[in-house]
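Everything below concerns the one structure shown next.
Protein chains in written order, with this note's numbering: chain A, 1272 to 1603; chain B, 43 to 377.
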């Protein structure tokens, strides 16, 4: 894949949330502003028609990146290029038009569908907003086509969300995202609330859309097994930084970053004959406020040396297409 | 009680009354667990796995009725107990770790006090000092610093709250632990540590355990026995290795092949088309028949009997043995 075929390029992306000061601190003049550094210097590119996975634990910043790339939040710093355009410099009608390119699918289909709208109206709503389709009839037909595309029977069009199963609701969310024929979809834990037996169906639907419409995805998931099936490449995040990124089978089978190794070794295996070896780490992920200098994982890393506590490692190549942010990973 | 299992459930039926009908949530369910043994109850939402486990200790909503069957817990016939005897049985004989346990702690009391109060409520002879010592020891066992006893629940992380709930379940040395999706809301690394700790303590205390989970990989790693539930019934049951090596019900085969893994070769995942059955008016024959890719005429007419495949492994399928796992053709994902 050549760099020129990137649909999305992200450079030095940062998102810092101010931490609200308590009344007492404000009264006594403790004025130093503190920030929660949810995303703290992230670089990556997503190629056209690629599924890039963002993996990591709660608080690693993966959802924040998803919200920014879905244009639902603004970065604190860094540059985002969407097919050469920086959407955060657009305003008004231009920005609204641009939004048609990107859609988002959320985790919980029980909370993201309007309970008072029929399925068909939920799916047709984006068409109304963007003024697509000459009249109501045309919009209705486009919405029905999107439902069928998402693998739902046409008869479901008049139902309300409470009449649908979780898998069907998530397919409605996919139909609504697809009705505008976006080029890019952020899928934030799209299958983690679903029953195991319907997860694979929803994932294979998303991949079908990738094949047939060349949809590009950012697939956010804490579930590395699901990411292995969905993604082309996987980026592993920890406390707002990418620790390692590579082709999915490289991440799954030959991870070099100690954090990736810890994360992978903790994933249970659906095979009672398999004897899993754990890589143990002490403690839990610390707060992304007031981070110490050096590597963010150093305090828990089983292999940390002095340098790790002093200098933050850059994300650099350890093999072609395989990057890791670790002082101990041998450079390419 | 030599020879008898710790928990013996036979032909248990528990239905919910709604409107004019009955939801047949637990319909003729049988299983047994020895001390230090773990049973995994798996199946999709609404298959009756949580209801089956809660019916064992009759912890039911008002509209839940036990309509038949027998539950023997260490020789005690649970369905014959009077209300006060039942209250005594819960926690002292059988404890539950609920799904989303992070919300099960009272936010306005210190975590340590909540555990001490629970202990003193059930054991009036225990002094405050003894209760404190017991809770300190339990905190240590589950991997929490006893100094954290004075903290409130909001000062605990999700993993710490789950550890506190495990400590709570061990308070009265129960014989049976029922863990309902014990780690679902936790991060991978924490989930792994909690499951490992739960398992270690269970073996140390020689307890029986029921793990209810939709996560087949957690069940594969922690359980000795597995019961696959579908539509209120156990469709396949047995030693975990036997069931994984020779899954014999089409539903089990589909379920095992729909689950992704980070180990081994990347393989196709299957999707089981269709929706689970309506348990008010279940299909007349096998409840899986409408979704089953290998069904025959008899499956739509007659309920399949339980067949023994080996000493522990049984399956409820008319056609079991007439097809191999690879001959069950579900929709395959194109990856």
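Think of the CB as a built atom: it goes at the ideal place given N, C-alpha and C, for glycine as much as any other residue.
Burial state of residue i, where buried means 16 or more other Cβ atoms lie within 10 Å
| i | result |
| --- | --- |
| residue 235/B | buried |
| residue 1364/A | exposed |
| residue 1493/A | buried |
| residue 43/B | Here the model assigns residue 43/B a pLDDT of 44, short of 50, so the residue's position is not dependable, and the following value carries that caveat. The residue in question, residue 43/B, is exposed, as its Cβ has fewer than 16 Cβ neighbours within 10 Å. |
| residue 1595/A | buried |
| residue 341/B | buried |
| residue 1528/A | buried |
| residue 1587/A | exposed |
| residue 61/B | exposed |
| residue 1593/A | buried |
| residue 1582/A | exposed |
| residue 59/B | exposed |
| residue 1290/A | exposed |
| residue 1438/A | buried |
| residue 171/B | exposed |
| residue 63/B | exposed |
| residue 169/B | exposed |
| residue 203/B | buried |
| residue 1273/A | Only weak support exists for where residue 1273/A lies, its pLDDT of 47 falling under 50; the value from the coordinates is given anyway. Residue 1273/A comes out exposed. |
| residue 330/B | buried |
| residue 1606/A | There is no way to answer for residue 1606/A, as the model of chain A reaches only from 1272 to 1603. |
| residue 88/B | buried |
| residue 1362/A | exposed |
| residue 1323/A | buried |
| residue 126/B | exposed |
| residue 307/B | exposed |
Where the alpha helix (DSSP H) through residue i begins and ends
| i | result |
| --- | --- |
| residue 174/B | 170–184 |
| residue 278/B | First-last for residue 278/B: 275–281, but that is the beta strand (DSSP E), not the alpha helix (DSSP H). |
| residue 1488/A | Run containing residue 1488/A: none in the alpha helix (DSSP H); it sits in the beta strand (DSSP E), 1487–1491. |
| residue 296/B | 292–299 |
| residue 1616/A | Coverage of chain A is limited to positions 1272 through 1603, which leaves residue 1616/A absent and any answer about it impossible. |
| residue 1414/A | 1407–1420 |
| residue 1533/A | 1529–1536 |
| residue 1518/A | First-last for residue 1518/A: 1512–1518, but that is the beta strand (DSSP E), not the alpha helix (DSSP H). |
| residue 159/B | 153–164 |
| residue 1458/A | Here residue 1458/A belongs to no alpha helix (DSSP H); instead the beta strand (DSSP E) covers 1455–1459. |
| residue 1496/A | 1495–1501 |
Boundaries (first-last residue) of the beta strand (DSSP E) holding residue i
| i | result |
| --- | --- |
| residue 1509/A | 1504–1509 |
| residue 129/B | No beta strand (DSSP E) holds residue 129/B; the alpha helix (DSSP H) holding it covers 125–134. |
| residue 1473/A | Note, residue 1473/A: premise wrong, no beta strand (DSSP E); alpha helix (DSSP H) at 1467–1484. |
Beta-ladder partner(s) of residue i, from DSSP
| i | result |
| --- | --- |
| residue 82/B | 253/B, 268/B |
| residue 1307/A | 1288/A, 1560/A |
| residue 1523/A | The partner list for residue 1523/A (beta bridge, DSSP) is empty, contrary to what the question assumes. |
| residue 58/B | 65/B, 106/B |
| residue 1281/A | 1315/A, 1351/A |
| residue 52/B | 112/B |
| residue 1587/A | 1595/A |
| residue 73/B | 51/B |
| residue 138/B | 220/B |
| residue 118/B | 115/B |
Interface residues of chain D facing residue i [CB-CB closer than 9 Å]
| i | result |
| --- | --- |
| residue 1328/A | Chain labels in this structure do not include chain D; the protein chains are A and B. |
TODO: Identify every run of the alpha helix (DSSP H) within the stretch 1320–1391 of chain A, keeping only runs that are complete inside it and at least 4 residues long; order them along the chain.
DONE: 1333–1340, 1363–1370
Open item on the list: Please identify, using Cβ separations under 8 Å, the residues of the stretch 1505–1523 of chain A that lie next to chain B, in order along the chain.
Closed with: 1520, 1523
TODO: Quick one: which unbroken alpha helix (DSSP H) runs of 4-plus residues sit fully inside the stretch 1551–1581 of chain A? Chain order, please.
DONE: 1577–1581
TODO: Taking only runs that begin and end inside the stretch 187–249 of chain B, name each unbroken beta strand (DSSP E) of 3 or more residues, in chain order.
DONE: 218–222
Task: Whole alpha helix (DSSP H) elements within the stretch 91–116 of chain B, 4-residue minimum - done: 91–98
Open item on the list: Which residues of the stretch 1546–1562 of chain A have a Cβ closer than 9 Å to any Cβ of chain B? Give them in chain order.
Closed with: 1547, 1549, 1551, 1552, 1555, 1556
Open item on the list: To be precise: take each residue of the stretch 248–260 of chain B, compare its Cβ to all Cβ atoms of chain A, and keep it if any distance is under 9 Å. Which residues remain?
Closed with: 256, 257, 258, 259, 260
Open item on the list: Along the stretch 288–305 of chain B, where does the CB come closer than 8 Å to a CB of chain A? Name the residues.
Closed with: 296, 297, 298, 300, 301, 302, 303, 304, 305
Open item on the list: Please identify, using Cβ separations under 7 Å, the residues of the stretch 187–216 of chain B that lie next to chain A, in order along the chain.
Closed with: 199, 201
- [ ] Taking a Cβ distance cut-off of 7 Å, strictly less, list which residues of the stretch 310–344 of chain B are near chain A, in chain order.
- [x] 311, 312, 313, 314, 317
Open item on the list: At 3 residues or longer, what runs of the beta strand (DSSP E) sit wholly inside the stretch 321–375 of chain B?
Closed with: none
Open item on the list: Closer than 7 Å between beta carbons: that is the criterion. Which residues of the stretch 80–96 of chain B meet it against chain A?
Closed with: 86, 87
- [ ] Please name the residues in the stretch 1375–1386 of chain A whose beta-carbon is closer than 9 Å to at least one beta-carbon of chain B, in chain order.
- [x] none
- [ ] Please name the residues in the stretch 1345–1362 of chain A whose beta-carbon is closer than 9 Å to at least one beta-carbon of chain B, in chain order.
- [x] none
Open item on the list: Taking beta-carbon pairs under 7 Å, can you tell me which members of the stretch 1491–1504 of chain A lie near chain B?
Closed with: 1493, 1495, 1496, 1497, 1499, 1500
- [ ] Check distances from the C-beta atoms of the stretch 1522–1545 of chain A to those of chain B and list, in chain order, the residues that come in under 7 Å.
- [x] 1523, 1533, 1534, 1535, 1537, 1538, 1539, 1540, 1541, 1542, 1543, 1544, 1545
TODO: Please name the residues in the stretch 273–284 of chain B whose beta-carbon is closer than 8 Å to at least one beta-carbon of chain A, in chain order.
DONE: 282, 283
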